[in-house]
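For reference, the structure discussed in these notes is given below.
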Amino acid sequence: MIKVEKLRKNYGRLKALKDISFEVQKGTVFGFIGRNGAGKTTTMNILTGLMKSDGGKIIIDGMDLSADRDELVKYIGYLPEAPSFYDYMNSYEYLELIAGLSGCRPEEKKKRTGELLDMVRLKKDAGRKIGGYSRGMKQRLALAAAIFDRPPILFLDEPSSALDPEGRREMLALIEELKDENTTIILSTHILSDAERVCDTVCMIDEGRIILAESLEVLYKKHIHPIFDIEFEARPEKQADMLKDLDWVKDLTSSGNKLSLEVNDMDKAKDQILGILSKSENTVISYRLRKMQLEDIFIGTVKDNADI
Amino acid sequence: MQTFRQYFKKEALEALRTNKYIILFVGTIFWALMDPLLLKLLPMILESSLPVDMTALLPELNRDTAFVNFAGDLFEIGTLFFGFTLMGLVSSEIRFKRLVFPRVSGAGFGGIVLAKYIHYAAVLIVFIFTAFMTNYFYTIGLFDGGFLSIEAAVRAAVLYSLYYCLLLAILILLSSLFKRGLFAGIIIIVFAYTMSIFNQFAGIRQYLPNYLLLKAQDIHGGFDSTLIPAVMVSASLIAISIVLTVYRMRKIDIA
């Protein structure tokens with residue numbers, strides 16, 4: 126488990142992180158979402174021990190990062206947003222360097238290098254100098270370097286930002302696979318649909334402050350709209366009359382063949398709506414509970430935060 | 026030890042692929058070949074390009090003057106090559122965030138700094154020895170007269186090696202202090218040239234590193250006790266610079 130308490134970082138006068146605190150449970154995917162410059166990368170850099178904080182405490186698996194940095198680094202993998210390599214090396218040479226530094230056995234080194242180059246689709250270009258790679262290729266090599274020694278904690282900073290759609294899909298599949306292997310993943314992204322797909326918990330950060338940290342399940346429940354959208358085969362005038370006077374109906378709007386029903390008792394609404402409508406002759410074509418997307422929640426939360 | 030081994034290999038590969046070996050070769054061994062030849066041709070060049078014969082103004086050119094001339098030129102020109110070639114040893118790693126993956130993979134700063142230092146110290150020692158030996162045999166072949174001996178050439182190589190090992194340690198420290206290696210390069214070159222001014226002051230010169238160069242150019246001298254303070258000061262500065270570089274790297278943000 127990762128526990129962060131009152132983490133603070135200043136760049137001169139700019140307060141990049143303002144006493145942020147959060148916890149990441151073991152084996153989960155923790156999504157850091159926020160706008161550019163919100164403080165995501167700074168947090169990642171501090172959590173990986175690559176940057177000093179100006180205050181606060183970080184406990185990883187019971188060890189204090191500031192005191193046990195050299196020990197903790199063995200459990201951490203990091204994929205930075207803009208990875209930097211020794212451009213005169215090729216992928217084989219670079220991964221061999223990483224393997225050597227992480228204490229990989231020589232017989233394992235070659236096997237793992239080949240396996241990873243295959244996985245990130247770089248085997249064909251592995252003999253070329255890294256300096257000649259595209260941004261996407263560099264990001265794929267960075268992923269191979271980050272997971273080389275199978276770290277139990279993996280930090281991914283905008284991992285799919287430079288990838289093509291296929292690469293992005295593969296990245297998300299890999300995150301899910303790593304999660305199944307009980308790897309704790311801290312994912313920073315501004316692609317909210319990615320976060321929605323793979324994260325268990327999301328943490329919204331804005332201007333160096335955490336404005337929301339919640340499990341996705343709870344988040345959806347909290348931010349759900351109590352509105353049912355129903356579409357009929359014909360104009361639902363009669364159906365509107367049937368529903369409007371019910372005690373659990375708060376508001377009802379009609380537009381063309383559609384009805385939108387805002388309710389004040391979700392359970393009663395779920396139980397009764399279809400029963401009532403089945404008695405009418407107008408066929409129901411679609412029926413759905415209006416659900417908020419993570420993007421809507423994010424925009425709303427950031428707006429609320431700005432209004433404070 | 027793991028970090029040291031990996032980074033030593035990395036430094037060798039980098040020096041090979043980024044032509045650092047070739048540049049340092051030109052600054053030392055190539056110069057060892059060219060210097061005596063140019064000196065030999067100097068009277069003829071002066072004779073053909075000047076209206077009056079000025080060769081009488083030149084000192085007598087023998088093996089000693091040729092060797093001392095090379096030693097002086099090696100310091101003046103070799104220091105430029107050295108400073109501008111190795112100025113980014115640490116700064117470029119930090120500036121371009123190249124230590125992120127190695128650090129997260131377990132690399133220790135002590136191993137990184139020591140690997141860089143020992144690799145380039147070894148390269149400099151090999152090149153300086155080769156340069157002095159090449160120059161010695163070449164000078165013997167081209168010039169007559171003088172008292173130049175192989176012992177004097179070996180002694181000069183040892184003292185120059187120690188001096189450049191000191192400059193290297195200071196350069197690595199400076200390179201960790203600045204984001205742009207150019208500043209480190211300029212400072213080390215200015216430092217080396219400025220320190221040689223103190224060779225004029227008999228009272229303090231033997232305590233300063235540049236005294237090593239002065240003694241290296243003294244063909245008739247030997248490894249005497251006057252060298253002890255300069256050797257001690259140089260060795261101490263090397264150790265202090267390396268420790269400070271590791272300390273500095275532990276304090277900076279590498280991402």
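Protein chains in written order, with this note's numbering: chain L, 126 to 433; chain G, 26 to 280.
We treat Cβ as the ideally placed atom computed from N, Cα and C, and that holds for glycine.
These figures come from a predicted structure and were not determined experimentally.
Between the C-alpha atoms of residue i and residue j, what's the straight-line distance to the nearest angstrom?
{"i": "residue 410 of chain L", "j": "residue 426 of chain L", "result": "34 Å"}
{"i": "residue 60 of chain G", "j": "residue 110 of chain G", "result": "21 Å"}
{"i": "residue 194 of chain L", "j": "residue 131 of chain G", "result": "10 Å"}
{"i": "residue 256 of chain L", "j": "residue 236 of chain G", "result": "44 Å"}
{"i": "residue 211 of chain L", "j": "residue 273 of chain L", "result": "17 Å"}
{"i": "residue 179 of chain L", "j": "residue 134 of chain L", "result": "5 Å"}
{"i": "residue 226 of chain G", "j": "residue 259 of chain G", "result": "18 Å"}
{"i": "residue 282 of chain L", "j": "residue 158 of chain L", "result": "10 Å"}
{"i": "residue 280 of chain L", "j": "residue 359 of chain L", "result": "53 Å"}
{"i": "residue 146 of chain L", "j": "residue 130 of chain L", "result": "4 Å"}
{"i": "residue 72 of chain G", "j": "residue 180 of chain G", "result": "35 Å"}
{"i": "residue 169 of chain G", "j": "residue 65 of chain G", "result": "11 Å"}
{"i": "residue 118 of chain G", "j": "residue 267 of chain L", "result": "17 Å"}
{"i": "residue 83 of chain G", "j": "residue 95 of chain G", "result": "16 Å"}
{"i": "residue 199 of chain L", "j": "residue 124 of chain G", "result": "15 Å"}
{"i": "residue 275 of chain G", "j": "residue 126 of chain L", "result": "26 Å"}
{"i": "residue 250 of chain L", "j": "residue 230 of chain G", "result": "57 Å"}
{"i": "residue 267 of chain G", "j": "residue 39 of chain G", "result": "21 Å"}
{"i": "residue 308 of chain L", "j": "residue 206 of chain G", "result": "40 Å"}
{"i": "residue 62 of chain G", "j": "residue 167 of chain G", "result": "8 Å"}
{"i": "residue 367 of chain L", "j": "residue 401 of chain L", "result": "8 Å"}
Using beta carbons (cut-off 8 Å, strictly below), is residue i in contact with chain G?
{"i": "residue 430 of chain L", "result": "no"}
{"i": "residue 198 of chain L", "result": "yes"}
{"i": "residue 209 of chain L", "result": "yes"}
{"i": "residue 217 of chain L", "result": "no"}
{"i": "residue 227 of chain L", "result": "yes"}
{"i": "residue 214 of chain L", "result": "yes"}
{"i": "residue 231 of chain L", "result": "no"}
{"i": "residue 284 of chain L", "result": "no"}
{"i": "residue 205 of chain L", "result": "yes"}
{"i": "residue 292 of chain L", "result": "no"}
{"i": "residue 400 of chain L", "result": "no"}
{"i": "residue 202 of chain L", "result": "yes"}
{"i": "residue 270 of chain L", "result": "yes"}
{"i": "residue 142 of chain L", "result": "no"}
{"i": "residue 132 of chain L", "result": "no"}
{"i": "residue 222 of chain L", "result": "yes"}
Does any CB atom of chain L fall closer than 8 Å to the CB of residue i?
{"i": "residue 65 of chain G", "result": "no"}
{"i": "residue 271 of chain G", "result": "no"}
{"i": "residue 279 of chain G", "result": "yes"}
{"i": "residue 42 of chain G", "result": "yes"}
{"i": "residue 110 of chain G", "result": "no"}
{"i": "residue 173 of chain G", "result": "no"}
{"i": "residue 35 of chain G", "result": "yes"}
{"i": "residue 123 of chain G", "result": "yes"}
{"i": "residue 30 of chain G", "result": "yes"}
{"i": "residue 72 of chain G", "result": "no"}
{"i": "residue 176 of chain G", "result": "no"}
{"i": "residue 38 of chain G", "result": "yes"}
{"i": "residue 27 of chain G", "result": "yes"}
Could you please give the first and the last residue of the uninterrupted beta strand (DSSP E) stretch that includes residue i?
{"i": "residue 287 of chain L", "result": "Taken as a continuous stretch (DSSP letters only), residue 287 of chain L belongs to no beta strand (DSSP E), as it is neither H nor E."}
{"i": "residue 257 of chain L", "result": "Per DSSP, residue 257 of chain L belongs to no beta strand (DSSP E) and is neither H nor E."}
{"i": "residue 238 of chain L", "result": "Unbroken run through residue 238 of chain L is the alpha helix (DSSP H), 231–244; no beta strand (DSSP E)."}
{"i": "residue 336 of chain L", "result": "334–340"}
{"i": "residue 329 of chain L", "result": "326–331"}
{"i": "residue 282 of chain L", "result": "278–282"}
{"i": "residue 313 of chain L", "result": "309–314"}
Over what stretch of residues does the alpha helix (DSSP H) that includes residue i continue unbroken?
{"i": "residue 104 of chain G", "result": "88–111"}
{"i": "residue 158 of chain G", "result": "134–167"}
{"i": "residue 207 of chain L", "result": "From DSSP, residue 207 of chain L is part of no alpha helix (DSSP H); its letter is neither H nor E."}
{"i": "residue 37 of chain G", "result": "27–42"}
{"i": "residue 258 of chain G", "result": "252–276"}
{"i": "residue 319 of chain L", "result": "317–323"}
{"i": "residue 179 of chain G", "result": "175–202"}
{"i": "residue 217 of chain L", "result": "216–226"}
{"i": "residue 48 of chain G", "result": "45–50"}
Chain A beta carbons: is any one of them nearer than 8 Å to that of residue i?
{"i": "residue 344 of chain L", "result": "Here the protein chains are L and G, and chain A is not one of them."}
Contiguous alpha helix (DSSP H) assignments of at least 4 residues, all confined to the region 204–250 of chain G: 206–222 and 236–241
Against chain L: residues of the region 125–149 of chain G by CB proximity under 8 Å: 125, 126, 127, 128, 129, 130, 131, 132 and 133
Short-range partners of chain G found in the region 169–182 of chain L, where Cβ spacing is below 7 Å: Those would be 170, 173, 175, 176 and 177, in chain order.
Segments of 3+ residues assigned as beta strand (DSSP E) that fall wholly inside the region 132–196 of chain L: 139–149, 154–158 and 180–185
Proximal residues, the region 210–230 of chain G versus chain L, C-beta separation under 9 Å: Within the region 210–230 of chain G, no residue has a Cβ that lies closer than 9 Å to any Cβ of chain L.
In chain order, each alpha helix (DSSP H) run of at least 4 residues that lies wholly inside the region 342–417 of chain L: 362–369 and 391–403
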